[in-house]
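K.L.:
Numbering-wise, my numbering comes out as the position in the sequence shown, counting from 1, plus 29. One structure, as structure tokens, below. Some questions next.
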Amino acid sequence: MKLLSLIASCVLFCSCQKNKQNEPRDVIARIHTKDSLITQLSELQTQGYFNGVGVAVADSSGTLLSRGFGYQDMQAKTAYTPQTVQTIGSVSKTFIGLALLKAQELGKLKLDEDATRYLPFLLRNPRFPDAVISIRNIATHTSGIQDTDAYLRHNYVLYDNGGSAYDGDEVMNSPDKIEYLPVFLGDALFPGGKYYTKDAWGNYKPGSKYAYSNFGAAIAAYVIEQATGMQYHVFVEKYILKPLGMTHTRFNISKEVSNSISTLFADSVTAIKPYRLITYPDGGLASNAREMGLYLRELIKGYKGTGVLLKPESYKEYFKQYLTADNFIEPRRTKNPYSDEYNSGLFIAHTPAGFIGHTGGDPGVASLLYFNPKTGKGAYMVVNTGINSKPGMKCFYNMYDLLIKYSDKL
């Protein structure tokens, strides 16, 4: 019996050794890859340009990595984690494109119709008063609507009084300066409005030239409100956030709601008082790295025709490249692989390197979300600190380069 027991033990030991030599090799390699990536990202974060960083890597099977680095609150030394919530800047616009197509699937609007049909005002370029501006024109940034100084000077509003430590290009307004979204758009875009200038409209017909427009994005979101009878943020929560399990993702979220919300910083030492955007659909969405991994997975699945939010034909419409070189006033920049002004889907960008996604930036916020349609892998990154120097910008892109580089190996 002792001999049989010894033989059985030897067989079991040999079997375990054989398994370790075969199946686990890939697993061990991926663990080493992940450890190496985390180490290199941590080293870059500790250079001091960003107080806190959130990252996620995903493919169509799920999130391969979600991680936080540094601090969400420097004073309290609260760690920045995958659950830390902060605004994501203009990556928010990609949700507008999905929402437009969901509204179209529901029969509430048609993208090639005159946007004025769904608005309480006549949307026309004063330079071309007879030219129709379609919803698709707006969603591809070819409407003729242009951002003016009114966006930077009047759009950012503090949650409470007491001034702001922030002194960047964007003016932080007192809480009493908050305006209803369509009123603000009217003041900025229509002759006679208190913020109106002729620069609000380009000197070209709708559909002919590309000009990135935050105002246009806000109008598209308001079109959704008018067409569906639902507030934009409610529509997005029902048809995008809840189906994806993004339970901590919200618009214009204040720090009073949760302790997991990050402080934003103008630089490594200067905190910015909490603020919101009047044009909240274009940049006011707040999320965390874990949930943005879920979102990235859906975009990748949608590109493959297996997404859960939209029908395959709607996703094709979403990701289609609508522009050519002739649509650009100046030659397109081709050196930055993450440039979101190279070609456009419906509020989602195509870069010179073939990535699909968007960038984002607001006071104390910089973000990138892209996937590679050839590999089916993508990465998200956000920082809670303003980028104020070329070395800081280089560090930012170096971190994202690492995420892209390692994504295929995770």
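Glycine residues also receive a C-beta, built at the ideal position from the N, C-alpha and C atoms.
With DSSP as the reference, label K419 as helix, strand or coil.
P.N.:
Within the sequence shown, the letter at position 390 stands for residue 419. K419: helix per DSSP, three-state reduction.
K.L.:
Among residues of its own chain, excluding the 5 on either side of M95, which ones have a beta-carbon nearer than 6 Å to its beta-carbon?
P.N.:
Here residue 95 refers to the residue found at position 66 of the sequence shown. A small fix is needed here, since residue 95 is Ser in this sequence, not Met. Correct list, in chain order: A85, P111, A318, R319, G322.
K.L.:
For a test of the three-state rule: what should DSSP assign to D437, helix, strand or coil?
P.N.:
For the purposes of this step, residue 437 is identified with residue 408 of the sequence shown, where counting begins at 1. In this structure, D437 counts as coil in the three-state DSSP scheme.
K.L.:
Assign Y251 to buried or exposed, taking buried as 16 or more other Cβ atoms, counted over all protein chains shown, within 10 Å of its Cβ.
P.N.:
Looking up residue 251 in the sequence shown gives position 222. By the neighbour-count rule (16 or more Cβ atoms within 10 Å), Y251 is buried.
K.L.:
Can you list, in chain order, the residues of its chain with a C-beta nearer than 8 Å to that of L129? Leave out the 5 residues immediately preceding and following it.
P.N.:
Counting from 1 along the sequence shown, the entry for residue 129 is found at position 100. So the list reads L138, L140, I164, A168, A249, V252, I253, L375, F376, once near-sequence residues are dropped.
K.L.:
Reducing DSSP to helix, strand and coil, say where H277 ends up.
P.N.:
Translated into the one-based positions of the sequence shown, residue 277 becomes position 248. H277: coil per DSSP, three-state reduction.
K.L.:
Looking only at its own chain, which residues have a Cβ that is under 7 Å from the Cβ of S289, when we skip the five neighbours before and after it?
P.N.:
Along the sequence shown, one-based indexing puts residue 289 at 260. So the qualifying residues of the chain are Q112, T113, V114.
K.L.:
Kindly identify the DSSP beta-bridge partner or partners of F400.
P.N.:
In the sequence shown, counting from the first residue as 1, residue 400 sits at position 371. BP columns for F400 point to I385, G407.
K.L.:
Note down, one range per segment and in chain order, each alpha helix (DSSP H) of at least 4 residues found wholly within the region 252-326.
P.N.:
DSSP runs (the alpha helix (DSSP H)) wholly in the region 252-326: 261-265.
K.L.:
For R96, write down the residues that DSSP places opposite it in a beta bridge.
P.N.:
Within the sequence shown, the letter at position 67 stands for residue 96. In the DSSP output, where bridge partners are listed per residue, R96 has V84.
K.L.:
Strictly by DSSP, which residues pair up with S373?
P.N.:
By 1-based counting over the sequence shown, the position of residue 373 is 344. Note: S373 sits in a beta bridge opposite A378.
K.L.:
From E370 to Y188, what distance separates their C-alpha atoms?
P.N.:
Position 341 of the sequence shown, counted from the first residue, corresponds to residue 370. Position 159 of the sequence shown, counted from the first residue, corresponds to residue 188. Those two C-alpha atoms are separated by around 32 Å.
K.L.:
Find the nearest neighbour of W230 within the set K206, I162, I207, judged by alpha-carbon distance.
P.N.:
Here residue 230 corresponds to residue number 201 of the sequence shown, with the count starting at 1. Considering only alpha carbons, the answer is I162.
K.L.:
Any idea what DSSP makes of G164, helix, strand or coil?
P.N.:
Against the sequence shown, residue 164 aligns to sequence position 135. Correcting the residue identity first, residue 164 is Ile in this sequence and not Gly. If DSSP states are grouped into helix, strand and coil, I164 belongs with the helices.
K.L.:
By Cβ distance below 7 Å, which residues in the same chain neighbour V186 in space, the five residues on each side in sequence not counted?
P.N.:
As a working note, residue 186 is residue 157 in the sequence shown. Answer for V186: N202, P204, K206, I207, Y304, R305, I307, listed in chain order.
K.L.:
With H, G and I counted as helix, E and B as strand and the rest as coil, what does DSSP make of D441?
P.N.:
Here the chain covers residues 30 to 439 and nothing more, so residue 441 does not appear.
K.L.:
Applying the 10 Å Cβ sphere with the 16-neighbour rule, what's the burial state of D430?
P.N.:
As a working mapping, residue 430 is identified with position 401 in the sequence shown. Answer is exposed; the Cβ neighbour count stays below 16.
K.L.:
If you draw a straight line from the alpha carbon of N51 to that of L66, how long is it in whole angstroms?
P.N.:
Here residue 51 is taken as the residue at index 22 of the sequence shown, counted from 1. Here residue 66 is taken as the residue at index 37 of the sequence shown, counted from 1. Reliability fails at N51, whose pLDDT of 49 lies under 50, so the model's placement of it is uncertain and the value that follows must be treated cautiously. Rounded to the nearest angstrom, the two C-alpha atoms are 24 Å apart.
K.L.:
Would G99 and T75 be called neighbours here (beta carbons separated by less than 9 Å)?
P.N.:
For this step, residue 99 is matched to residue 70 along the sequence shown. For this step, residue 75 is matched to residue 46 along the sequence shown. Yes, these two residues count as a Cβ contact at 9 Å.
K.L.:
Spatial neighbours of I174 within its chain, please: C-beta separation below 6 Å, excluding the five flanking residues on both sides.
P.N.:
To locate residue 174, count along the sequence shown from 1; it is residue 145. Contacts found: S242, F244, G245.
K.L.:
Alpha carbon to alpha carbon, how far is T276 from I269? Give it in angstroms, no decimals.
P.N.:
As a working note, residue 269 is residue 240 in the sequence shown. As a working note, residue 276 is residue 247 in the sequence shown. Using only the alpha carbons, I get a separation of about 11 Å.
K.L.:
What does DSSP give as the partner residue(s) for A240 in the beta ladder?
P.N.:
In the sequence shown, the residue the question calls residue 240 occupies position 211. DSSP, once it has assigned bridges, lists no residue as partnering A240.
K.L.:
Under 8 Å, with one C-beta from each stretch per pair, do the region 144-163 and the region 341-352 reach the 3-pair mark?
P.N.:
With a cut-off of 8 Å, the region 341-352 and the region 144-163 do not count as touching, because too few Cβ pairs lie within range.
K.L.:
Measuring CB atoms only, is the region 400-415 touching the region 291-298, in the sense that at least three cross pairs come out at less than 8 Å?
P.N.:
These segments touch.
K.L.:
Counting along the chain, where does the beta strand (DSSP E) carrying V186 start and finish?
P.N.:
In the sequence shown, residue 186 corresponds to position 157, counting from 1. That run of the beta strand (DSSP E) goes 185-187.
K.L.:
P211 lies in the alpha helix (DSSP H); which residues open and close that run?
P.N.:
Against the sequence shown, residue 211 aligns to sequence position 182. 210-218 is the extent of the alpha helix (DSSP H) around P211.
K.L.:
Pull up the distance between the alpha-carbon of A256 and that of Y309, whole angstroms please.
P.N.:
Position 227 of the sequence shown, counted from the first residue, corresponds to residue 256. Position 280 of the sequence shown, counted from the first residue, corresponds to residue 309. Answer to the nearest angstrom: the Cα atoms are 18 Å apart.
K.L.:
Please state whether DSSP places D143 in a helix, a strand or coil.
P.N.:
One-based indexing of the sequence shown puts residue 143 at position 114. In the structure shown, D143 sits in a strand (DSSP, three-state: E or B).
K.L.:
Does the separation of the CB atoms of L73 and N401 fall below 9 Å?
P.N.:
Working through the sequence shown from its first residue, we reach residue 73 at position 44. Working through the sequence shown from its first residue, we reach residue 401 at position 372. Result no, Cβ atoms of L73 and N401 do not sit closer than 9 Å.
K.L.:
Would you kindly work out how many angstroms separate the C-alpha atoms of E327 and G221, rounded to a whole number?
P.N.:
Along the sequence shown, read from residue 1 onward, the residue named residue 327 stands at position 298. Along the sequence shown, read from residue 1 onward, the residue named residue 221 stands at position 192. Going by the C-alpha atoms only, they are around 43 Å apart.
K.L.:
For E346, which of G91, A87, L127 has the nearest alpha-carbon?
P.N.:
Position 317 of the sequence shown, counted from the start, is the residue given in the question as residue 346. Out of G91, A87, L127, L127 has the C-alpha closest to the C-alpha of E346.
K.L.:
May I ask you to list the residues that DSSP assigns as paired with V114?
P.N.:
In the sequence shown, residue 114 corresponds to position 85, counting from 1. Bridge partners of V114: I290.
K.L.:
By the 10 Å Cβ neighbour count, where 16 or more other Cβ atoms means buried, how is R279 classified, buried or exposed?
P.N.:
Start at 1 with the first residue of the sequence shown, and residue 279 comes out as number 250. Classification of R279: buried, given that the 10 Å Cβ count is 16 or more.
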